[in-house]
Amino acid sequence: MDDFNQIEVPPSFTALFTSPSGSRLTEPMTTVRQRYELCEDLAQLLTEQASSARFKSGGTELQVLETIELGLSASESPVQPIEAGWVVRRLAELLHWEVEQRSGRRA
Numbered sequence: 006m007d008d009f010n011q012i013e014v015p016p017s018f019t020a021l022f023t024s025p026s027g028s029r030l031t032e033p034m035t036t037v038r039q040r041y042e043l044c045e046d047l048a049q050l051l052t053e054q055a056s057s058a059r060f061k062s063g064g065t066e067l068q069v070l071e072t073i074e075l076g077l078s079a080s081e082s083p084v085q086p087i088e089a090g091w092v093v094r095r096l097a098e099l100l101h102w103e104v105e106q107r108s109g110r111r112a
């Protein structure tokens, strides 16, 4: 069966499933695409919650993102910890939040 799909997975997400040498995927592309769809949907769904949390708490964008990532990294989360980091970076992008270094990563 042909693995043709119109959903284009961005390189930033594909990198999560790429071997250390960068030469091949560690999971089938169908799995990567499914994981991407889940993570993208999650980031989109979290935009309102993140904005509201920032307003209510009076915290910084960074604090809100760190709290969300902590929740997404919990064992009962539908995403893997490495995917949680991607979701948070994507969330920051969607909200146009300029966030400096977080745990050695840029959001």
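All the letters of the sequence shown, read from the start, carry residue numbers 6 to 112 under this note's numbering.
Ideal Cβ placement from N, Cα and C applies to all residues, glycine included.
| query | result |
| --- | --- |
| Rank Gly64, Gln39, Leu99 by C-alpha distance to the C-alpha of glutamate 88 and give the top, closest one. | Gln39 |
| According to DSSP, is threonine 23 part of a helix, a strand, or is it coil? | strand |
| Could you give the C-beta distance for valine 69 and alanine 58, rounded to a whole number, given that I count them as a contact under 8 angstroms? | 5 angstroms |
| Taking 8 angstroms as the threshold, find out whether the region 61 to 68 comes into contact with the region 40 to 49 through three or more Cβ pairs. | no |
| Which runs of the alpha helix (DSSP H) fall wholly inside the region 10 to 82 and span at least 4 residues, in chain order? | 16 to 19, 34 to 62, 66 to 77 |
| May I ask you to report which of helix, strand or coil DSSP gives valine 84? | coil |
| Determine the burial state of glycine 27: buried for a count of at least 16 other Cβ atoms within 10 Å of its Cβ, exposed for fewer. | exposed |
| Reducing DSSP to helix, strand and coil, say where glutamate 93 ends up. | First, the residue type needs correcting, since residue 93 is valine and not glutamate in the sequence shown. Correct three-state label for valine 93: helix. |
| How many angstroms separate the CA atom of arginine 29 from the CA atom of leucine 21? | 11 angstroms |
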